[in-house]
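In what follows, a single structure is set out as structure tokens and then discussed.
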Amino acid sequence: MERQHWLCLGGFAAVAVAASAAATWVGLSGSWVGDDWHMVHNYLYGDWAELGAVFRRNAASYLFVEDKVGPYRPATMLTLIATHLLAPEPWLHHAVSWALHAATSLLLFAALRGQASKASNVEAASSNIAAAGLAALFFVHPVNVESYVWINGRSDLFAGFWLVALVFWLSQTSRAQRPRWVQLVVLGLVAFLGASSKLPFAIAAVAAWLAWASRRPAAASRWAGSAIAGGIGVHLVLRAVFAPFRGQLGASENVFADPEIWAAVPKLVGKGAAALLSFRAEAMQSLSWVLFGPWSMADGLGLALVLLVLAFLVLRRDGPGLAYAVGAILTLAPVAIVSGAFWMGFDRYLYMPSILALLATAPYVSRAVSRGREWRFALGVLALGLLGYAASQTHAASRAYASQEAYDRALLRDHADDPSIHFYFARIAARHDDEVRLRERLSAMPSPPWPRPIIVPTYDLATKARDAGKRREAVDAWVATVRDGPRCARVRIQLETWAQRSADAETAAQIEERLDELACVP
4 MERQHWLCLG GFAAVAVAAS AAATWVGLSG SWVGDDWHMV HNYLYGDWAE
54 LGAVFRRNAA SYLFVEDKVG PYRPATMLTL IATHLLAPEP WLHHAVSWAL
104 HAATSLLLFA ALRGQASKAS NVEAASSNIA AAGLAALFFV HPVNVESYVW
154 INGRSDLFAG FWLVALVFWL SQTSRAQRPR WVQLVVLGLV AFLGASSKLP
204 FAIAAVAAWL AWASRRPAAA SRWAGSAIAG GIGVHLVLRA VFAPFRGQLG
254 ASENVFADPE IWAAVPKLVG KGAAALLSFR AEAMQSLSWV LFGPWSMADG
304 LGLALVLLVL AFLVLRRDGP GLAYAVGAIL TLAPVAIVSG AFWMGFDRYL
354 YMPSILALLA TAPYVSRAVS RGREWRFALG VLALGLLGYA ASQTHAASRA
404 YASQEAYDRA LLRDHADDPS IHFYFARIAA RHDDEVRLRE RLSAMPSPPW
454 PRPIIVPTYD LATKARDAGK RREAVDAWVA TVRDGPRCAR VRIQLETWAQ
504 RSADAETAAQ IEERLDELAC VP
């Protein structure tokens, strides 16, 4: 009976692998897209010496210039550069990314089995079925496409792999007959590699440790926590030495001091929950618009559902589940830091939070599966329907990564109401001195409100295109960002600079009027 059970699970896994490969083939067989082109043009990707130098550079060195402030992800960059050195072609990068995602999903199945088995009165078969269904859903979910079909989504993908590895290893520490020092070394190494893939891993790792420690003796919790903290600490020391971050990523002011940015975190959470639950298939979004654009009904419903889940876990006194759920929210929150820059992409930031959410969910799904044959049949039909729909949506999302042309078309098709997407194409046209295309994109750009990071650059683009109307819209959009408070002086300085360089009298007069409206004084 047990052999038949595992054969069924193996067959289900084979179907999931085939479904994922078929759904994503159009993207995995595609070319370079978006930031991937930096890999082609940056000489650092073709230098074997860079394999040892990744710990001395921030990730922006590989995208822009070597002295630009940026994230520190040496483990991620090591995998990208090593792959590129072996074969500087998209196919190998895509193969590595898909294999990493498959390995993460398989490891997640093992970790979810451990979580599901903790539910009371649940047999092993029910735990396995619940874990297999949740892991398969993660494997074919369209939100994850941005992490593994897009080559430069590697950091979230790699960090997610190490997060699942950490959860799995923690679950094995009390069972395996290994010397404690071996367990400590492995935990520390996994924590170091995870943090070196992407720093928000540290938040997710703490959440995973808290969930595990809540059911362990204090002594065991302390030594495991010390090993994890040690691995993350080594990464932080290296970062402080080679890539110090002072909160000015893509902005002239310290983003940590901007309350507007942190006020956008609830919107991030709501949008993330809506994306995961709706299985939507969209091209890459502008993170600036995600943060500063208008709330949608789906965002509000997503946030409300998250709050209900948190309340449910509190009422159930589910300490591990609450640790995972809060950890998922806090792992997503640092995304707000990059809001000071024009930044493309949002879905990939849900990779680690979705893992934590599934870990919190597993015991409840396992209980539902164990309620009897009728429940198992109903949940099986629901799961198959969700998996089929997820695979079709994954296929639709993957098509955007088939080529640069497909990517561009998908951006304009899926986000026509997002002004920052039109700004993105206007900026490209300006770089190529294509004045006709520049004017077309600016004229198609919706009127304000605009995300703050694109306002000043849009004014400059409008000046280059001799588009006085778009310049005046930029002035109003800039003034609307703040009328008093600490940033008001910066707004005034920018307006005064524009007034001095204004190309037409009408714009100059408008700027003078807006200066008079500001509450701050020079």
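Each residue of the sequence shown is one higher than the one before, starting from 4 at the first, in our numbering. Where is the CB? At the ideal position from N, CA and C, for every residue including glycine.
Q.
Judging by CA-CA distance, which residue of Glu-476, Tyr-392, Ala-433 and Arg-440 is the nearest neighbour of Phe-142?
A. Tyr-392
Q | Cutoff 6 Å; reference Ala-105; Cβ partners in own chain excluding five residues on either side | A | none
**Q.** Backbone CA spacing between Gly-13 and Gly-348 [nearest angstrom]
**A.** Rounded to whole angstroms, Gly-13 to Gly-348 spans 34 Å at the Cα level.
Q: Could you pull out every residue in the same chain whose Cβ sits closer than 7 Å to the Cβ of Val-36, ignoring the five residues on either side in sequence?
A: Closer than 7 Å at the Cβ level, and outside the excluded window around Val-36, lie Trp-153, Tyr-404, Gln-407 and Tyr-410.
Q: Could you tell me the distance, in whole angstroms, from the CA atom of Arg-474 to the CA atom of Ala-230?
A: 55 Å
Q.
Let's test the definition: count the other Cβ atoms within 10 Å of the Cβ of Glu-256 and tell me whether it reaches 16, buried, or not, exposed.
A. Since pLDDT at Glu-256 reaches only 49, below the 50 mark, its modelled position is unreliable, and the value read off the structure follows with that caveat. By the neighbour-count rule (16 or more Cβ atoms within 10 Å), Glu-256 is not buried but exposed.
Q. Thinking C-beta only, is Thr-107 closer than 8 Å to Asp-43?
A. Inspection of the sequence shows that residue 43 is occupied by Val rather than by Asp. Cβ distance not < 8 Å, so Val-43 and Thr-107 don't count as in contact.
Q: Go ahead and pull the three-state DSSP assignment for Ser-64.
A: helix
Q. Are the beta-carbon atoms of Val-341 and Leu-271 separated by less than 8 Å?
A. no
Q) For Ser-217, which of helix, strand or coil comes out of DSSP? A) coil
Q. What is the DSSP secondary structure of Met-347, reduced to helix, strand or coil?
A. Residue state, collapsed to three classes: strand.
Q. What distance in whole Å lies between the Cβ atoms of Ala-477 and Ala-468, which are believed to be in contact at a cut-off of 8 Å?
A. Their Cβ separation, rounded to whole angstroms, is 12 Å, which puts Ala-468 and Ala-477 out of contact at 8 Å.
Q | Cα-Cα separation, Val-494 to Ala-502 | A | Cα to Cα, the separation comes out at about 12 Å.
Q. Closest by CA to Ala-162, which one among Arg-183, Ser-199 and Pro-182?
A. Ser-199
Q | Every unbroken alpha helix (DSSP H) inside the segment 452–493 [4 residues or more] | A | 455–468 and 471–483
Q. By Cβ distance, which residues of its chain are closer than 7 Å to Thr-86, with the 5 residues on each side in sequence left out?
A. Leu-95, His-96 and Val-99
Q.
List, from N- to C-terminal side, the alpha helix (DSSP H) runs of 4 residues or more that fit wholly inside the segment 350–392.
A. 354–372
Q. Using the beta-carbon count (16 or more within 10 Å), is Val-317 buried or exposed?
A. exposed
Q) Is DSSP giving Ser-281 helix, strand or coil here? A) If DSSP states are grouped into helix, strand and coil, Ser-281 belongs with the helices.
(Q) Quick check on DSSP: helix, strand or coil for Ser-32? (A) coil
Q. Residue range of the alpha helix (DSSP H) that Ile-424 falls in?
A. Counting along the chain, Ile-424 sits inside the alpha helix (DSSP H) bounded by residues 422–434.
Q | Complete runs of the alpha helix (DSSP H) confined to the segment 92–161 [at least 4 residues] | A | 93–119, 127–143 and 148–151
Q | Proximal residues to Leu-353 (C-beta, below 6 Å), its chain only, five neighbours per side dropped | A | The residues are Val-146 and Gly-275.
Q: To the nearest angstrom, report how far apart Leu-89 and Asn-61 are at their CA atoms.
A: Rounded to the nearest angstrom, the two C-alpha atoms are 22 Å apart.
(Q) Per DSSP, what are the beta-bridge partners of Ser-395 in this structure? (A) For Ser-395, which the question treats as bridged, DSSP gives no partner whatsoever.
Q. Can the beta-carbon of Gly-197 be found less than 8 Å from the beta-carbon of Ala-208?
A. yes
**Q.** Neighbourhood of Ala-413 by C-beta distance below 6 Å, restricted to the same chain and skipping five residues each side
**A.** Ala-286 and Ala-403
Q.
Whole angstroms are fine: how far does the CA of Ala-429 sit from the CA of Arg-320?
A. 52 Å
Q) Relative to the C-alpha of Glu-509, which residue among Cys-491, Leu-202, Ala-483 and Ala-471 is closest? A) Ala-471
Q | Ser-289 (DSSP reduced to helix, strand or coil) | A | strand
Q. When the Cα atoms are used, what is the spatial distance from Glu-438 to Ile-431?
A. 11 Å
Q: Drop a sphere of 10 angstroms on the beta-carbon of Asp-50, count the other beta-carbons inside from all chains shown, and report buried for 16 or more, exposed for fewer.
A: Under the 10 Å beta carbon count, Asp-50 is surrounded by fewer than 16 other beta carbons and is classified as exposed.
Q) Which value, in whole angstroms, describes the spacing of the CA atoms of Asn-131 and Ala-16? A) 12 Å
Q: Name the residue from Gly-296, Trp-292 and Leu-169 whose alpha carbon lies nearest to the alpha carbon of Gly-234.
A: Leu-169
Q: Grab me the residues of Phe-245's own chain with a C-beta within less than 8 Å of its C-beta, minus the 5 sequence neighbours each way, in chain order.
A: Phe-58, Arg-59, Arg-60, Asn-61 and Tyr-75
(Q) Starting from His-87, trace the alpha helix (DSSP H) in both directions and tell me its first and last residue. (A) 77–89
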